[in-house]
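A.B. asks: One structure, as structure tokens, below. Some questions next.
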């Protein structure tokens, strides 16, 4: 209850700031902040933790801090507003404050649900290491590193080329490699949770995240990319995997 109250108060603070500066991008920043708060709260929830209790908490803090820093310097401080939030500023049916509040509440609910593996991992006083736990740790660490590389590649591309699609590095093999490795990091957390009783419940985390990415985030993001550069992006869609990095398809030009 204390954790949920802390998350709610933080959400309302960000909502208030977002109204003041008219920047819906703060919704995105609240996402990693919520997980960071959960990480800190869980850090002190177990008075006698083992190293295996601390590792998932530490990884959650690293994951959240990295994403928060990236979003802060690439979206909030430059006041960059993602196209998918245009409807918040242009809606004629609801005012900006109401639209923002809905977005924040949805984020809050998702943060609580997706953190399920973390709750499971901190409820066990003594957590022993096993093969599945070790694989989960390695998968999460590797995914955080590669996701950081993906974000850096996209940032460097956009910093000198706003017109063309980023097709360098991992973006050559997936249209959304950052989302894929972000999801894979949570698969790792879910695997760690399998080492505790009832840990299978943690699988809800990557399932929810995968559904959101494939059914909401990616379609919405790509709809704006198609509007901006229809021919180029449709070609990119035909040649490049949407989610899982894979070899590109060769487009044969008709004679």
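In the working numbering, the protein residues as written are 1231 to 1485.
A virtual CB, placed ideally from N, CA and C, is assigned to each residue, including glycine.
#1: Work out the CA separation of residue 1308 and residue 1367 for me, nearest whole Å.
#2: Can the beta-carbon of residue 1244 be found less than 9 Å from the beta-carbon of residue 1256?
#3: I need the straight-line Cα distance from residue 1254 to residue 1361, nearest angstrom please.
#4: Got a sec? Which residues, its chain only, sit under 6 Å from residue 1411 by beta carbon, not counting five neighbours each side?
#5: Measure from the alpha carbon of residue 1441 to the alpha carbon of each residue in 1344, 1286, 1352, then state which is nearest.
#6: Please report the straight-line C-alpha distance between residue 1386 and residue 1296, rounded to a whole angstrom.
#7: Ignore the nearest five residues each way along the sequence and tell me which others in residue 1197's own chain have a CB closer than 8 Å to its CB.
#8: If you count every other CB in all the chains shown that lies within 10 Å of the CB of residue 1258, and 16 or more means buried, which is it?
#9: Within the same chain, show all residues whose beta-carbon is closer than 8 Å to that of residue 1421, passing over the 5 residues directly before and after it, in chain order.
#10: Have a look at 1437, 1241, 1468, 1271 and flag the residue whose alpha-carbon is nearest the alpha-carbon of residue 1338.
#11: When the Cα atoms are used, what is the spatial distance from residue 1433 to residue 1312?
#12: Where in the segment 1348-1436 do unbroken runs of the alpha helix (DSSP H), each at least 4 residues long, occur, reported from the N-terminal end onward?
#13: Return the first residue and the last residue of the alpha helix (DSSP H) that residue 1345 is part of.
#14: Assign residue 1394 to buried or exposed, taking buried as 16 or more other Cβ atoms, counted over all protein chains shown, within 10 Å of its Cβ.
C.D. replies: Here's the rundown:
#1: Residue mapping note: residue 1367 aligns to position 137 of the chain shown, counting from 1. Residue mapping note: residue 1308 aligns to position 78 of the chain shown, counting from 1. Going by the C-alpha atoms only, they are around 34 Å apart.
#2: Mapped onto the chain shown, residue 1244 falls at position 14. Mapped onto the chain shown, residue 1256 falls at position 26. In this structure, residue 1256 lies closer than 9 Å to residue 1244 by Cβ.
#3: As a position in the chain shown, residue 1254 is number 24, starting the count at 1. As a position in the chain shown, residue 1361 is number 131, starting the count at 1. As the crow flies, the alpha-carbon of residue 1254 is around 42 Å from that of residue 1361.
#4: Within the chain shown, the letter at position 181 stands for residue 1411. Sequence-distant partners of residue 1411 (beyond 5 residues in either direction) whose C-beta falls short of 6 Å from its own C-beta, in its chain, are 1373, 1376, 1377.
#5: If you number the chain shown from 1, residue 1441 lands on position 211. Selected option, being the one with the closest Cα: 1344.
#6: Against the chain shown, residue 1386 aligns to sequence position 156. Against the chain shown, residue 1296 aligns to sequence position 66. Taking the straight line from one Cα to the other gives about 17 Å.
#7: Examination of residue 1197 is not possible in this model, given that the chain is present from 1231 through 1485 alone.
#8: By one-based count along the chain shown, residue 1258 stands at place 28. When all chains shown are included, residue 1258 counts as buried.
#9: What you label residue 1421 is simply residue 191 of the chain shown in a count that begins at 1. For residue 1421, where only same-chain residues beyond five positions count, the Cβ hits under 8 Å are 1362, 1363, 1365, 1366, 1369.
#10: Walking along the chain shown from the start, residue 1338 turns up at place 108. The shortest Cα separation from residue 1338 among 1437, 1241, 1468, 1271 belongs to 1241.
#11: Translated into positions along the chain shown, residue 1433 becomes position 203. Translated into positions along the chain shown, residue 1312 becomes position 82. Rounded to the nearest angstrom, the two C-alpha atoms are 30 Å apart.
#12: Listed in chain order, the alpha helix (DSSP H) runs fully inside the segment 1348-1436 are 1361-1390, 1407-1423, counting runs of at least 4 residues.
#13: For this step, residue 1345 is matched to residue 115 along the chain shown. It is not in any alpha helix (DSSP H) - residue 1345 carries neither H nor E in the DSSP assignment.
#14: Locating residue 1394 in the chain shown gives position 164, counting from the first residue. Exposed, since its Cβ has fewer than 16 Cβ neighbours within 10 Å.
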